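Student:
Chains as they are written, first to last, in our numbering: chain A, 412 to 649; chain B, 412 to 649.
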């Protein structure tokens, strides 16, 4: 199996980085092939712009998604985007490793989504959700945060972590067709003892080792909607 | 009144940019002072890193939020961050103008949140939500997207737009203490006629002109939680 880990933390000695390294070691020991995109180490450019395109369908006006399609067809995407796409397309399991910044991914990882998940290549037209171009691949978020578990739960001050992460879990990963596995969250990490961090690291290693037993999250299915993406009456009870 | 518009679109001729320009013109005509941070035009750096800090509490290990506090106290934040903070602190109303990318803001704007909303300066300790450092200011999202309104509604294929935007509305804007006004969404924009776009532009101008009449969104209140941020029994019915 091929595993891609997209990692976004500015401190190489961080606990988040240690989680990433443990996953690399464990998958490698199990005989899998692991590729890491360490976005900070790569000095990854997160800004979607006209510079991403080697050719232009319309040189006067930038419609980013439209130019993604034009450049996917013409094979003229910027080399850094193409390199990440090749890693993604070769992967069976993709793990995104990051600290929670403002209820979401750090900008450097958001820009990986913006630039690498190319319209016309990984989704487009009616190829999204269960019909998305990355169908068959599995994805998982592995994150750390400062809050405690009860603060990021239903009824807690911030609300349920799955709802907080919905734009990434559903709106990004499931949208491209990937099967989304339950997220691993390391809570309260900056404030924990080394021993408590060790326990979290062990839980993470077990979560990852058992990934094939994890129950995928429930996501929208195109069959429940008509051609205009209106919900079919027969699907109302779903 | 001082208005800050933080704008993030890679195409200066875009409809999103036209919305931004209309808001600038209307606020200016009404006698207000408007400042625009046009992130693409500024070549804004969205990547939170050690380079953001002119001094370090710990030079060996980067804890980003901790160094934000150290550098806020020492007044040694990077000049681009400090410049944005001064604009933010002078503003009474802040409008964020962007196209929806992956159910969220473009990375260049996510990086404005990551770097400018500095711990120790705009929030920190028990200064968050209704006790946040930006209390008294108002914030509004003004965005465009490709989807139709019924696709981004409860029961629609993607779900309710306010839930999609929750990490920004609650987890970012309300978290810093700002009063969050209802979002303006321009739906289906890339596929609309010029006439239909004109109608959306007019609706946006009315939304903005009437901002003081808009009902702020409901957000968490610290008084409902104890010192450990556990919900108080007396607040359960809220």
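Each residue gets a CB set at the ideal place from its N, CA and C atoms; glycine is no exception.
Keep in mind that this is a model prediction, so the values were computed, not measured.
(1) Nearest to residue 540(B) by CA position, among 483(A), 428(A), 569(A) and 545(A), is which residue?
(2) Look at residue 515(A) and residue 416(A) and say whether their C-beta atoms are less than 7 Å apart.
(3) Throw me the rounded Cβ distance for the residue 518(B) and residue 635(A) pair, which I believe falls under 8 Å.
(4) Where are the alpha helix (DSSP H) runs, 4 residues long or more, that stay fully inside the segment 571-597 of chain B, in chain order?
(5) Taking only beta-carbon positions, decide if residue 565(A) is within less than 7 Å of chain B.
(6) Exposed or buried, residue 451(A), counting other C-beta atoms within 10 Å across all chains shown (16 or more means buried)?
(7) Cβ closer than 9 Å: which chain B residues qualify as neighbours of residue 642(A)?
(8) Can you pull the DSSP bridge partners for residue 457(A)?
(9) If contact means a Cβ-Cβ distance below 9 Å, which residues of the segment 570-592 of chain A contact chain B?
(10) Relative to the C-alpha of residue 597(B), which residue among 563(B), 471(B) and 435(B) is closest?
(11) Is the segment 461-476 of chain B in contact with the segment 620-631 of chain A, if contact means three or more CB pairs nearer than 8 Å?
(12) Can you look up residue 544(B) in the DSSP assignment and give me helix, strand or coil?
(13) Can you name the residues of chain B whose CB is closer than 7 Å to the CB of residue 636(A)?
(14) What separation, rounded to the nearest whole angstrom, lies between the Cα atoms of residue 560(B) and residue 491(B)?
(15) What are the residues of the segment 470-498 of chain A that lie near chain B, defined by any Cβ-Cβ distance shorter than 7 Å?
(16) Alpha carbon to alpha carbon, how far is residue 414(B) from residue 505(B)? Give it in angstroms, no decimals.
(17) Are the beta-carbon atoms belonging to residue 548(A) and residue 577(A) less than 7 Å from one another?
(18) In whole angstroms, what is the alpha-carbon distance linking residue 615(A) and residue 615(B)?
(19) Are any of the Cβ atoms in chain A nearer than 7 Å to that of residue 460(B)?
(20) By the three-class DSSP mapping on this structure, what secondary structure does residue 549(A) have?
(21) Could you work out which residue in 430(B), 557(B) and 438(B) is closest to residue 602(B) when comparing CA atoms only?
(22) Between the C-alpha atoms of residue 531(A) and residue 481(A), what's the straight-line distance to the nearest angstrom?
Tutor: So, from the data block:
(1) Along the second chain, one-based indexing puts residue 540(B) at 129. The residue with the shortest Cα to Cα distance from residue 540(B) is 569(A).
(2) As a position in the first chain, residue 515(A) is number 104, starting the count at 1. As a position in the first chain, residue 416(A) is number 5, starting the count at 1. In this structure, residue 416(A) does not lie closer than 7 Å to residue 515(A) by Cβ.
(3) On the second chain, position 107 is the one that residue 518(B) refers to. On the first chain, position 224 is the one that residue 635(A) refers to. Cβ atoms of residue 518(B) and residue 635(A) stay farther apart than 8 Å, at about 31 Å.
(4) 572-575
(5) As a working mapping, residue 565(A) is identified with position 154 in the first chain. Chain B, which has no Cβ nearer than 7 Å to the Cβ of residue 565(A), makes this no.
(6) Mapped onto the first chain, residue 451(A) falls at position 40. With 16 or more other Cβ atoms within 10 Å, it is buried.
(7) Translated into positions along the first chain, residue 642(A) becomes position 231. Simply 561, 566, 567 and 568.
(8) Residue 457(A) sits at position 46 when you count from the first residue of the first chain. DSSP, once it has assigned bridges, lists no residue as partnering residue 457(A).
(9) 570, 574, 575, 576, 577, 578, 579, 581, 582, 583 and 586
(10) As a position in the second chain, residue 597(B) is number 186, starting the count at 1. Per the Cα distances, 563(B).
(11) No: fewer than three Cβ pairs fall under 8 Å.
(12) Taking the second chain and counting its residues from 1, the one referred to as residue 544(B) is at position 133. Coil, per DSSP.
(13) Here residue 636(A) refers to the residue found at position 225 of the first chain. Neighbours of residue 636(A) on chain B, chain order: 568.
(14) Here residue 560(B) refers to the residue found at position 149 of the second chain. Here residue 491(B) refers to the residue found at position 80 of the second chain. One C-alpha to the other measures close to 37 Å.
(15) 472, 473, 474 and 475
(16) In the second chain, residue 505(B) corresponds to position 94, counting from 1. In the second chain, residue 414(B) corresponds to position 3, counting from 1. Straight-line Cα distance between these residues: approximately 6 Å.
(17) The sequence position of residue 548(A) within the first chain is 137, counting from 1. The sequence position of residue 577(A) within the first chain is 166, counting from 1. Contact flag unset, no.
(18) Looking up residue 615(A) in the first chain gives position 204. Looking up residue 615(B) in the second chain gives position 204. For residue 615(A) and residue 615(B), the distance between alpha carbons rounds to 46 Å.
(19) Taking the second chain and counting its residues from 1, the one referred to as residue 460(B) is at position 49. True, the Cβ-Cβ gap to chain A drops below 7 Å.
(20) Counting from one through the first chain, the residue named residue 549(A) turns up at place 138. DSSP places residue 549(A) in strand when its eight states are reduced to three.
(21) Taking the first residue of the second chain as 1, we reach residue 602(B) at position 191. If we check each option's Cα against that of residue 602(B), 557(B) comes out closest.
(22) As a working note, residue 531(A) is residue 120 in the first chain. As a working note, residue 481(A) is residue 70 in the first chain. Rounded to whole angstroms, residue 531(A) to residue 481(A) spans 8 Å at the Cα level.
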